[in-house]
Structures are given as C-alpha cells and as structure tokens.
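Going by the working numbering, the first residue of the sequence shown is number 10, and it counts up by one from there. Glycine included, every Cβ here is placed at the ideal spot set by N, Cα and C. To keep things clear, I will list the structure first and then write my remarks on it.
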Amino acid sequence: AIYQGTATRLLNTLVAFESFKKATENSIKPDRMKDKYLVLRLIGFYLWRKKQLLSMKEKGFPQVEYRSDLEDFLGKTMLFLNDKAGGTFCAQFPELFNKTMIACGTVLGTGCFRLPKKGDGPRRPINMALFETVSYLIIELIDLLEQKHDIIRSEFTKLLSNEGFIRSTEYTVDSNISVYKRFEIVEKIIEEIRNA
10 AIYQGTATRL
20 LNTLVAFESF
30 KKATENSIKP
40 DRMKDKYLVL
50 RLIGFYLWRK
60 KQLLSMKEKG
70 FPQVEYRSDL
80 EDFLGKTMLF
90 LNDKAGGTFC
100 AQFPELFNKT
110 MIACGTVLGT
120 GCFRLPKKGD
130 GPRRPINMAL
140 FETVSYLIIE
150 LIDLLEQKHD
160 IIRSEFTKLL
170 SNEGFIRSTE
180 YTVDSNISVY
190 KRFEIVEKII
200 EEIRNA
C-alpha cells in the first residue's frame, strides 16, 4: 500500500492550507484526490531537480531519474517520503510550501497557475505543469521575494509568452522532453534573477 503513511499525512496537511486553496482559486476539487496529485507532482519534481529524490527500492539508493513514466516517478516519490530518508523534508516542507503559496498570490497575482487566454476565449483551467514549475520558481527565490519582487514578476510575465515553455505545458506534458525543457527554462530564470 504505497498510498499510506507519512506521505499521505504530508499531502493531507498541504492541501488543507488556506494558502493553497487561495492560490489555486478554490478550483481544485478534493474528490478523486486531484489536489493531492497536484501537490505530489510538485514535491516529486522539486526533489528530483534538487537531486534529493532517492530510489528506496534499488541497491545503494541511487537518485531517481525522470523517464517519462509519471506514475512510476510519483510512486518512487511516495516511497521516499515514507522512508526515514525523507523525514527531514517532510518536517520542513509544509512551512516552505505555505510561504510559497502565499507568495504566488502576492508576487505573481491571482490566476498565476492558468495559461493565458486564447484571444477572447474563456479563462483556462489551472495547469498542472504550470503549477509545479511556477511553484518551484518561487520556492527557489523565496528569500529574495522582497528585494526582487519586480524582476520576478516581469520574468514571470515573459515566461508566459515563451513559446517553448508554453508548448511544454500543453502537449505531451509528462514526456521527458517537455519536463526537462520547462524546468531548464525556469532554472535559467532563477539563475538570472539571483544574479540580477
């Protein structure tokens, strides 16, 4: 039973935050656990990019690689969170997540997890790939939010008109190519903002 234990408790805590509900505009329904799925994706990709996600079932606990198999990747993320190895992360992440969700609203504004409207069409739903990359951007810049507020905002606006990035959040979203592409684009922005 992968979906029990520390990981489940962590996800329950995170999706209950008012800041998460507000940042996602109360539009992620808890039925079918879509809210937990959204947050688990963020955690998995965050740990992976930070080279902290270890494969608990393999000899020597190597780092998990992302290979286009999202279900396998999320399963390994759950195993890591349920293991002692993930203990420190589970203890520290809620505070960081809460700060991040608040900052997404205050720095980037309402609707920051939705792709821009097409023409005068309806507003678009929360985009999972955008949620995890934008949250990652803010997590990585959390200590610079006050002094770099304006540049973060303007870089975010530019990101939303970056065709390569947008394509990676709309088509074959979970393929290796799309996942690597969008995180590499965001990491470049993080680097530029840190050095600005």
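Checklist entry - Along the chain, where does the alpha helix (DSSP H) that runs through E155 open and close? => result First-last for E155: undefined, no H or E at that position.
Item to check | Minimum length 4: unbroken alpha helix (DSSP H) runs contained in the segment 15–89 | outcome: 15–25, 27–32, 43–58
Checklist entry - If you drop the 5 nearest sequence neighbours on each side, which residues of the same chain put their C-beta closer than 7 Å to that of D40? => result none
Checklist entry - For R123, which beta-bridge partners are listed by DSSP? => result I135
Checklist entry - What is the DSSP secondary structure of A10, counted as helix, strand or coil? => result Below a pLDDT of 50, predicted positions are generally treated as unreliable, and A10, at 43, falls in that range; the measurement from the model is reported next regardless. Note: A10 maps to coil in three-state DSSP.
Checklist entry - What did DSSP end up calling L105 once you bin it into helix, strand or coil? => result helix
Next on the checklist: Below 8 Å on the Cβ atoms is my contact criterion, and I expect A16 with G114 to pass it. Report the Cβ-Cβ distance as a whole number of Å.
Outcome noted: Their Cβ separation, rounded to whole angstroms, is 26 Å, which puts A16 and G114 out of contact at 8 Å.
Checklist entry - CB-CB under 7 Å to D92, same chain, minus the five flanking residues each way: which ones, in chain order? => result M65
Checklist entry - Roughly how many whole angstroms lie between the Cα atoms of E193 and L79? => result 18 Å
Checklist entry - How many angstroms separate the CA atom of A138 from the CA atom of D152? => result 23 Å
Item to check | Contact check, T22 vs G53, beta carbons under 7 Å | outcome: no
Checklist entry - Between the C-alpha atoms of H158 and L168, what's the straight-line distance to the nearest angstrom? => result 15 Å
Checklist entry - Around the Cβ of G95, are there at least 16 other Cβ atoms within 10 angstroms (buried) or fewer (exposed)? => result buried
Checklist entry - In whole angstroms, what is the alpha-carbon distance linking P131 and P71? => result 45 Å
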